[in-house]
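Residue numbers (my numbering): 191 to 394.
Every residue gets a Cβ at the ideal spot worked out from N, C-alpha and C, and that includes glycine.
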């Protein structure tokens, strides 16, 4: 199984990225959190990977750190949580914030993630509250607390605020804005990223 991919970031889209490794392009699905931490297209990139094999497909999921990958694996043990919902949760909450929400029974925080309603939020709390990796004081809780937080990006915050003023939900906007920001790289401006995000959202 593939555990890590290191290569050149070839392209970025709201639903995933392509990493060029020795001339072979690997399509990797990522959370909005990981997407926002990526360098501009064309740069070197390295992600931890979870490989999922089905009869009809092999899918790669990439993570910026091992804490996010561990949280992804644990989320998949909950009935009703597939890879898409797990990535949505990790795009809405960092592993540390996710662990805290589960430990504190904060269903409202969990329900902010796309595809997570109150019923699934309650199930996440019930099934994971006492599970190793999500209860307070466990190795994952310590690992996530020690992991450096991703730097805040004022540009992302400004674009998300503008979209919120237009009535667009944050959970819907975040992955699109993160993809637009990563695609623009160092040349990104609030106006350009906002325009790209609006075009992408119009196609949804």
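Taking C-beta separations shorter than 7 angstroms and ignoring five residues to either side along the sequence, the partners of residue 318 in its chain run 264, 268, 292, 324, following chain order. For a cut-off of 8 angstroms, the C-beta gap from residue 192 to residue 239 is around 5 angstroms, short enough to register as a contact. From the listed residues 279, 270, 289, the smallest Cα separation to residue 301 is found for 279. When 247, 246, 275, 281 are compared, the shortest CA-CA separation from residue 253 is found for 281. Bounds of any alpha helix (DSSP H) do not take in residue 198; it lies within the beta strand (DSSP E) bounded by 194 to 203. The shortest C-alpha to C-alpha distance from residue 217 to any of 227, 229, 197, 226 is the one to 197. Note: residue 209 is bridge-paired with 199, 216 in the DSSP secondary-structure output. By the Cβ neighbour-count rule, residue 255 is buried, with 16 or more other Cβ atoms within 10 Å of its own.
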